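In the working numbering, the protein residues as written are 1083 to 1829.
In this text, a Cβ means the ideal position worked out from N, Cα and C, and glycines have one as well.
Being a predicted model, the structure only gives us computed values, none of them experimental.
These notes concern the structure reproduced below.
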């Protein structure tokens, strides 16, 4: 047994060592300066060729003010909400630090400082690494701050260095950003709102931040913000920091802040490019939003300036030619979203996000969700059928020459032969836009003329879960998928323009898929930040399946609903799409070098609900083969100018022809020469139903790809009033007024 002298000596030694360590640590740390923290830097963005795109950051949106310029209501709002004992405590919460250290030891996330003093110290740390060493430094600095600075100095520093969102650091910048006034003029109600933001502007700014987190919607943020605002005012009242009269006045009305404003350099498409790149950085690195907004990063993007300008010019040209809000009320609120992606790579070379921040449009239409894609979804149904077959073929893929009933107003069957029912147990009918009696036609012809009924039944026969799997493998995200009902096959899902361009790039690349990306590298102080590797190219579907989809979509341009794209003058493939009540219209098309999607829609600015485009541009209805295809053609011609025309790989025959039950026995198919191909075909939406069936011709690369189908105009659908509306694509999100159980889409 050791003697008591040895034990006592050891204890004294350990205690002395601890005191010495604390003393050394205390002596080595310095007191943070709010002025030093204010020296934030800009982030610099670069085009793909290395030229500077824009420098943007918070350096110009940060100004320190003295405590006498900060309203008492602002001071007490943060004290009542975050640190009631601020004026009496030492500035350090030992229990909070112990909890944070224990949490880190268990591998969990660190917790924020529990006192205003600790938060001030944390704000002035430009390095936000979550380590035990940093936590100890923070503790020592907090102790030193608590003994060296007055409480007013600490509070002033905290309010001057806190981040309030929208790029605003410090209370003065926040007052100007949210209310357009100097901080000294803030009302108690406004102070409580700004104090609520300190809990996290991503989730408490009512403007929303879905580009950072889909859960941070405008509605959800408004609810969170209003609840915390009211609670803070209540705490101030309970703490007797505001009078009864001041409290009653403050809680009468939520102080809704002003909208977003464009900052220097963030105009035109630059704002959306920066938005996309920033989102990518935050999702593919360990950089926090706070760290990123403090600046000092160099972001190297995939965007090509000439293509970005060409895409914007194409939208503006067609918009000027066709859309006139001053002349037609139905032309108001028309919007476009577009993206252009490199197949086999995933690089986003161009996008169009809207009219620009300077015009009050802050939503990035290239990366938005909620706009159903319509019949541009049908290629995924065909791909699933060729890869997996139907329930009748035991997993053997079926040919695009398989025949399905293309007539209007058809009952849809489940795989067990029973009819699909509505919620009221009535039979569900799928309609086309045209009532033309197509009879049994090949899937190739149905795609060419965008007829709904064959693809709705095909989706049921293949299994819409398989269609979803193919779309997901092609690049569509899970949160974009609609409910797996019959109309799923004709476009009720709502992926972004970026994701649609990327998914079609999979067809262009013969089944190879790479996720879309917008940033190649991020540097800080000249040193690369980890996490930015080129997406891995993977096989999404068999090569021949993709090539057959491409061949089928080439025919859509040559003879079908996308004939306007023939003006490009080179080999291309694509598909049109139009949705319920004509609320959106799409065209997605590609060559081997570039895949581009164009979305057009009308949106009510008050509630973000989609509006019908019937009557827009002075025509009865807008279809994907019209304005969206015109924009696509205009852009692709400029983007591919001087480039070769490699065409597409040959598609080889898929032997299994599996017709829908009831199809007549096929007759021999004649070999059709190019001279037999008609010079033109009817538009996507016919003005009237033809009285007779035209000649059975299609543009074919090989004789086996031609079918003996007759037919004319585009097929889209609209279901009966007691079932579901069906247009080229069916969509129920963003304010669709679909009736019935399933919704619908058109061709």
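In the structure shown, the three-state DSSP call for residue 1152 is coil. Its Cα nearest to that of residue 1588, the residue 1676 stands out among 1676, 1247 and 1288. The criterion of a C-beta distance shorter than 8 angstroms is satisfied by residue 1658 and residue 1711. The closest CA to that of residue 1647, considering only 1662, 1461, 1718 and 1601, is found on 1718.
Taking residue 1417 as reference, the option from 1429, 1431, 1450 and 1255 with the minimal CA-CA separation is 1450.
With fewer than 16 other Cβ atoms inside 10 Å of its own Cβ, residue 1370 counts as exposed. Setting aside the 5 residues that flank it on each side, residue 1553 is surrounded in the same chain by 1462, each with a C-beta closer than 6 angstroms to its C-beta; the list follows chain order. Per DSSP, the continuous beta strand (DSSP E) segment holding residue 1422 begins and ends at 1416–1423. The continuous stretches of beta strand (DSSP E) do not include residue 1129, and DSSP gives it neither H nor E.
Counting C-beta atoms within 10 angstroms of its own C-beta, residue 1434 has 16 or more neighbours from the protein chains shown and is therefore classed as buried. Sorting 1289, 1398 and 1531 by C-alpha distance to the C-alpha of residue 1689 places 1289 at the top. Going by DSSP, residue 1509 is part of no alpha helix (DSSP H) at all; its letter is neither H nor E. Distance check between residue 1231 and each of 1200, 1380, 1260 and 1555 places 1200 closest, using alpha-carbon atoms only. Look at residue 1318 here: in three-state DSSP terms it is helix.
Listed as beta-bridge partners of residue 1311 by DSSP are no residues whatsoever. Residue 1668 has 1659 and 1681 as its beta-bridge partners, per DSSP. Between the C-alpha atoms of residue 1385 and residue 1128 there is a straight-line separation of about 8 angstroms.
Of the residues 1738, 1398, 1731 and 1586, the one whose Cα lies closest to the Cα of residue 1482 is 1738. Counting along the chain, the unbroken beta strand (DSSP E) around residue 1485 starts and ends at 1485–1487.
Residue 1529 sits close to residue 1638, with the two beta carbons spaced by under 8 angstroms.
The criterion of a C-beta distance shorter than 8 angstroms is not satisfied by residue 1479 and residue 1621. Secondary structure at residue 1243: helix, using DSSP grouped into helix, strand and coil. Inter-segment contact for the region 1487–1507 and the region 1422–1432 is absent: fewer than three beta-carbon pairs are separated by less than 8 angstroms. Classified as buried, residue 1339 has 16 or more neighbouring CB atoms from the shown chains inside 10 Å of its CB. In the structure shown, residue 1718 falls within a helical segment according to DSSP collapsed to helix, strand and coil.
Residue environment analysis places residue 1599 among the buried positions, since at least 16 neighbouring C-beta atoms fall within 10 angstroms of its C-beta. Residue 1686 is a Cβ neighbour of residue 1415, given a cutoff of 8 angstroms. By the criterion of a C-beta distance shorter than 7 angstroms, residue 1404 is surrounded in its chain by 1699 and 1709, once the five residues flanking it on both sides are discounted. With a 10 Å radius around the Cβ and a threshold of 16 neighbouring Cβ atoms, residue 1485 comes out buried. Sequence-distant Cβ neighbours of residue 1630 in its own chain, meaning closer than 7 angstroms and more than five residues away, are 1468, 1482, 1733 and 1736.
For residue 1166, the three-state secondary structure derived from DSSP is coil.
It is roughly 33 angstroms from the alpha-carbon of residue 1295 to the alpha-carbon of residue 1173. If you ignore the 5 residues before and after residue 1477, its C-beta comes within less than 7 angstroms of the C-beta of 1470 and 1471, all in its own chain and listed in chain order. When C-beta atoms of the region 1320–1340 are compared with those of the region 1156–1173, three or more pairs fall below 8 angstroms, so the two segments count as touching. Between the alpha carbons of residue 1151 and residue 1580 lies a gap of roughly 46 angstroms.
Exposure of residue 1474 is indicated by the presence of fewer than 16 other C-beta atoms within 10 angstroms of its C-beta.
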